[in-house]
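Worksheet: one structure, shown below.
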Amino acid sequence: MTHELDRTAAVTSLGAGAYAAHLDPGWVVGGGVNGGYVLAVATAALRAELAGVGHLDPVSTSGYYLSPSVPGPATVRTRVLRTGGRRSTVAATLSQEQDGVEVDRLTVLAVLGTVEAGGAPASDAALEAVRREPAPVDLPPVEECVSAADDPDGARLAPPLMQRLDLRLDPAYAGWAVGRPSRAGVVQGWLRLADHRPPDPWSLLVVADALPPVSFDLGLPGWAPTVELTVHVRQRPVDGWLRVRHATRTVAGGSFEEDCEIWDEAGHLVAQARQLALLPRAPRTPS
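Residues 800 to 1086 in the numbering used here are what the sequence shown lists, from first letter to last.
Below, the structure written as structure tokens:
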């Protein structure tokens, strides 16, 4: 059976580097379709374009969000900038028709190649000797974390995106859900896709933008539109739960940066990401 992400992010070749897609309403969050999912759709077209050379894993992917995507048909136009033995550099633009006019939603610059399994030793002993990566974030057991499904009203009112995920948030940074944010600028927890699709380098593009924004933990609920998102996939994850941590150190000028780290169930750091997002509007104080 085809998993939901593979089915809803699939693309069909139109020839000459162009691909047809359909952005599924199940990935809507805030004021548009989730940015990580849209990035995955555009990257699906890049993977299809490079299938002949076997470069299928997104090693480094940067997406620039030009306008909010909406559910419905989309077109991805790809361009191969360079093909090498180990990696290829490619670009893509995803657009949608709006009031009879084609509007660009996302432009992508990416490097695709092959990502090794987590923990695989480097081929060069000298490189392996200096190997280092941050230890997995310390989380309570999955059963002690907070799920939207724990609250019938919360599950009903959650955006469609949350129904695509099995997300268990660390209670220490989930107080924003009941009006008590920690104000540390952190959101972290366990995550897997709701249909238990095994994680792979491509699906990590979605995971990197799946948690609620850290602005929630700063006491600023509301949609936080992504301006730019870069994802570096470091290792191929093993099957199972992912540990995901989002944190911010800078909130200024109406925007914030959000750093993401993702570990697999074996404790390997499998991806890192950074995005720039706009702050939600502060709630109005009754006069």
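Beta carbons: idealized from backbone N, C-alpha and C, even for Gly.
Please read all numbers here as calculations on a predicted model, not as lab measurements.
Secondary structure of W1022, DSSP reduced to three states
coil
On the DSSP bridge assignment, give the partners of P918 in chain order.
Residue identity check: residue 918 is Gly in the sequence provided, not Pro. Bridge partners of G918: none, in fact.
Would you check if the stretch 1003–1018 and the stretch 965–982 touch, i.e. whether three or more CB-CB distances between them fall below 8 Å?
yes
Check whether R1115 and V914 have beta carbons under 8 Å apart
Only positions 800 to 1086 of the chain appear in the structure, and residue 1115 is not among them; the question remains open.
Taking the Cβ atom as the reference point for each residue, do P1079 and P1020 lie within a distance shorter than 8 Å?
yes
What residue from R1073, G917, R876 has the CA that sits closest to V907's CA?
R876
How would you write the range of the beta strand (DSSP E) that R1073 sits in, first residue to last?
1068–1077
Collapsed DSSP secondary structure at P970 in the structure displayed:
helix
Residue range of the beta strand (DSSP E) that includes V889:
887–897
Ends of the alpha helix (DSSP H) at D805?
803–807
If G912 sits next to D994, beta carbons under 8 Å apart, how far is it from one beta carbon to the other, in whole angstroms?
About 28 Å separates the two Cβ atoms, so there is no contact after all.
Buried or exposed (CB count within 10 angstroms, at least 16 for buried), A934:
exposed
Distance check for H854 and R846, CA to CA, integer angstroms please.
7 Å
8 Å Cβ shell around R982 - same chain, five flanking residues per side excluded:
D1016, L1017, G1018
T1047 by DSSP, collapsed to three states: which one?
coil
What would DSSP say about T842, mapped onto helix, strand or coil?
helix
Secondary structure of Q962, DSSP reduced to three states
helix
Quick test of your reading: A841 and L893, contact by CB under 8 Å. State the CB separation rounded to the nearest angstrom.
5 Å
Tell me the rounded alpha-carbon separation between G1039 and V1026.
30 Å
Check whether the stretch 895–907 touches the stretch 856–866, counting contact only when three or more Cβ pairs, one atom from each stretch, lie closer than 8 Å.
yes
Would you check if the distance between the CB atom of D1063 and the CB atom of V1037 is smaller than 8 Å?
yes
Span separating the alpha-carbon of L880 from that of V889
5 Å
C1059: which of V1006, H802, P870 sits nearest, CA to CA?
V1006
So, helix, strand or coil for E901, using DSSP?
strand
For V837, collect the residues of the same chain with a Cβ closer than 6 Å to its Cβ; drop the 5 residues on either side in sequence, then sort them by chain order.
S868, L905
Quick one: what does DSSP say P951 is sitting in, helix, strand or coil?
Unreliable positioning characterises P951 in this predicted model, as indicated by a pLDDT of 47, which lies under 50. The coordinate reading is nonetheless provided below. The answer is helix: DSSP assigns P951 an H, G or I state.
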